[in-house]
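Student:
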Amino acid sequence: MRVFVGFDPREAVAYHACVQSIIETARDPLALQFTPVTGPLRDGSNAFIYARFLVPHLCGFSGFAVFLDGDMVVRAPIEDLFAQQRWGVGALVVKHDYLTKHPVKYLGNKNEDYPRKNWSSVILWNCGYFPNRILTPEYVAQQPGSHLHRFGWLKDEQIGALPDEWNRLVLEQDVMDADKILHYTIGTPCFSEYATCDRADEWHAVHKRMNAPC
Numbered sequence: 142m143r144v145f146v147g148f149d150p151r152e153a154v155a156y157h158a159c160v161q162s163i164i165e166t167a168r169d170p171l172a173l174q175f176t177p178v179t180g181p182l183r184d185g186s187n188a189f190i191y192a193r194f195l196v197p198h199l200c201g202f203s204g205f206a207v208f209l210d211g212d213m214v215v216r217a218p219i220e221d222l223f224a225q226q227r228w229g230v231g232a233l234v235v236k237h238d239y240l241t242k243h244p245v246k247y248l249g250n251k252n253e254d255y256p257r258k259n260w261s262s263v264i265l266w267n268c269g270y271f272p273n274r275i276l277t278p279e280y281v282a283q284q285p286g287s288h289l290h291r292f293g294w295l296k297d298e299q300i301g302a303l304p305d306e307w308n309r310l311v312l313e314q315d316v317m318d319a320d321k322i323l324h325y326t327i328g329t330p331c332f333s334e335y336a337t338c339d340r341a342d343e344w345h346a347v348h349k350r351m352n353a354p355c
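FYI, the numbering for the sequence shown is 142 to 355, going by our numbering.
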C-alpha cells in the first residue's frame, strides 16, 4: 500500500506523527510503503501544496495510492481507506463545502475560502486512470493552484466521494468519535498557539508514543 504524506521542514514532527498514527492503526504495517511529499514553497503555503499532484507520476501511472497532508492523525486502519477505491474515477476525496472560521492559520498564513477547499488534503488516487496521465512534473509546475486543487483536469463525475469521516477538519467542524482521520488544518498542536486546541490531546499522545522511550 503506497502512502504519500506531505512533509514541510517547518513542521517536520507533524509528518512523523502522522506516519506513526498510520503504523499504529494498520492491520498489516509490513504492507505499507511511505513516501514523504515535498517541494519548493509557493503561494505562501506549505512545501507539499503542489507536489501532491505528482503522486500518479511517481507511481508510474499505475495502481492506487493515498496522499495525506502531514497535519493529520489517522484513527482507523489505512486498509479501510484503500478499500474505498473505484476504477471509474480518477480520485476520491471528501467533498467539503464550508467557509472557514479562521482567516489566519499556522505560521501566520492566510486561510482564504475557495471552491473545493481541502478536497486535496486526502486523496485516494487511481493512478492508472487515463486523464491523470496529464499530471507530469511540467504540467503541475505550470498550473495555478486554483486549477490543481479543484481537480480541474477531471470532469465532476470523474471525482469520487469519500465518507466525511475520512477528513474531519479540527477547529472547522465538530469532531465525532467515529471520525477516521483528524485533520489539524488550522494548525498542528506542535505549534504553541494550537498546543491546547480541540483534540490536541490525541495528537500529543501519538507524538509521545513516536518518541518512546524518551
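All C-beta atoms in this analysis are idealised placements derived from N, C-alpha and C, irrespective of residue type, glycine included. Everything numeric in this text was worked out from a predicted model, so none of it was measured.
How would you call G293, buried or exposed, if buried means at least 16 neighbouring beta carbons within 10 angstroms?
Tutor: G293 is exposed by the Cβ-count criterion.
Student: What is the DSSP secondary structure of I300, counted as helix, strand or coil?
Tutor: Note: I300 maps to strand in three-state DSSP.
Student: Going by DSSP, what residue range makes up the alpha helix (DSSP H) through G147?
Tutor: It is not in any alpha helix (DSSP H) - G147 instead sits in the beta strand (DSSP E) that spans R143 to G147.
Student: For the candidate residues V311, Q161, L195 and V196, whose alpha-carbon lies nearest to that of I219?
Tutor: I219 has its Cα closest to that of Q161, out of V311, Q161, L195 and V196.
Student: Going by DSSP in three states, F194 sits in which element: helix, strand or coil?
Tutor: In the structure shown, F194 sits in a helix (DSSP, three-state: H, G or I).
Student: Is it buried or exposed for W228, if we count other Cβ within 10 angstroms and need 16 for buried?
Tutor: W228 is exposed by the Cβ-count criterion.
Student: Does the beta-carbon distance from Q205 to N273 come in below 8 Å?
Tutor: Checking the displayed sequence, the identity of residue 205 turns out to be Phe instead of Gln. For F205 and N273, no; Cβs fall outside 8 Å.
Student: Which term fits M213, buried or exposed, when burial requires 16 or more other beta carbons within 10 angstroms of its beta carbon?
Tutor: It counts as buried.
Student: So for L295, helix, strand or coil by DSSP?
Tutor: Residue state, collapsed to three classes: coil.
Student: Measure the Cβ-Cβ separation of L265 and V196 and say whether it is below 8 Å.
Tutor: No.
Student: To the nearest angstrom, report how far apart L289 and S262 are at their CA atoms.
Tutor: When rounded, the distance between both Cα atoms is 12 Å.
Student: On the DSSP letters alone, give me the boundaries of the alpha helix (DSSP H) that I275 sits inside.
Tutor: No alpha helix (DSSP H) holds I275; DSSP gives it neither H nor E.
Student: Is the separation between the beta-carbon of E343 and that of D320 shorter than 8 Å?
Tutor: No, these two residues do not count as a Cβ contact at 8 Å.
Student: Using the three-state DSSP reduction, which class does M213 fall into: helix, strand or coil?
Tutor: Strand, per DSSP.
Student: Looking at the structure shown, is I322 part of a helix, part of a strand, or coil, going by DSSP?
Tutor: I322 falls in the strand class under three-state DSSP.
Student: Just tell me which of K242, K296 and F223 has its CA closest to the CA of G328.
Tutor: Among K242, K296 and F223, the Cα nearest to that of G328 is on K242.
Student: In terms of residues, what are the limits of the alpha helix (DSSP H) holding I219?
Tutor: I219 to F223 is the extent of the alpha helix (DSSP H) around I219.
Student: When the Cα of M351 is compared with those of F194, T337, C331 and H157, which residue comes out closest?
Tutor: It is H157 whose Cα lies nearest to the Cα of M351.
Student: Check this for me: beta carbons of F271 and G211, under 8 Å apart or not?
Tutor: No, the Cβ-Cβ distance between F271 and G211 is not below 8 Å.
Student: Nearest to N250 by alpha carbon, out of T277, Q226, N187 and C331?
Tutor: For N250, the nearest C-alpha among the options comes from N187.
Student: Could you name the residues that DSSP lists as bridge partners for A232?
Tutor: For A232, which the question treats as bridged, DSSP gives the partners W266 and I300.
Student: Apart from the five residues just before and just after D254, which ones in its own chain have a Cβ nearer than 7 Å to its Cβ?
Tutor: L240 and T241, listed in sequence order.
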